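For the sequence shown, numbering that gives the first Met the number 0 begins at 0 and goes up steadily by one. We treat Cβ as the ideally placed atom computed from N, Cα and C, and that holds for glycine. Because the structure is a prediction, the values reported are computed rather than measured.
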Amino acid sequence: MFKLYSKGCEYALRALTYAASQSEDGRFRAKDVCEKTDIPESFTRKVLQALVQGGFLRAVRGPHGGYVLTRPASEITLLDVIEAVEGDTTFDHCVLGFPACGSKHPCPLHDTWARAKQRLTAQLGRRTLRELADSTRRRKRRTHLDSV
């Protein structure tokens with residue numbers, strides 16, 4: 000199966016979506032991320048550190064410390080996160096796995112993937128963490144109401 004990005008990127012998106020869903024002060028702990036997002040404990044701190052280094056989170060020290068977003072969730076796009084974690088060549092590989100695939104030596108799906116990649120990149124560049132957090136919240140609310 001074709002994967003768009005790594006497990007680490009998936010975890011980063013989950014952690015930042017959780018961060019975007021926090022209360023007004025926005026502070027949260029690594030333990031909370033681990034419990035609420037199903038990110039394995041062994042990865043949680045690594046992912047959060049990478050997000051601090053990437054400029055998405057700020058570590059807050061002290062007894063009420065934790066992490067906080069460095070800017071509003073409505074200003075952080077999914078593409079920002081994916082490119083920070085994966086690099087800006089994330090979608091540049093051949094979907095059939097051919098190492099020499101490119102505009103000079105295209106594989107059978109090269110042109111199709113190029114068009115799809117443009118649309119995907121545009122969509123990811125428009126969608127924000129705020130939208131993802133709001134959508135997640137609505138979905139959870141709907142799931143909870145369905146079980147009553």
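Euclidean distance between Cα positions of Glu-34 and Tyr-66: Between the alpha carbons of Glu-34 and Tyr-66 lies a distance of about 15 angstroms.
With 16 other Cβ atoms within 10 Å as the buried cut-off, status of Leu-3: exposed
Could you please give the first and the last residue of the uninterrupted beta strand (DSSP E) stretch that includes Gly-65? 65 to 68
Leaving out five residues on either side along the sequence, give the residues of the same chain with a beta carbon under 8 angstroms from the beta carbon of Pro-107. Once the five neighbours on either side are set aside, the close Cβ partners of Pro-107 are Leu-95.
Same chain, Cβ closer than 8 angstroms to Thr-135, neighbours up to 5 away in sequence not counted: Same-chain partners within the cutoff: Thr-16 and Ser-20.
Taking DSSP's pairing of strands, which residues face Ala-58 in a bridge? Tyr-66
Exposure label - Glu-40; buried when at least 16 CB within 10 Å: exposed
Whole alpha helix (DSSP H) runs in the region 38 to 125 with 4 or more residues, listed along the chain? The region 38 to 125 contains these whole alpha helix (DSSP H) runs: 40 to 52, 77 to 85 and 109 to 125.
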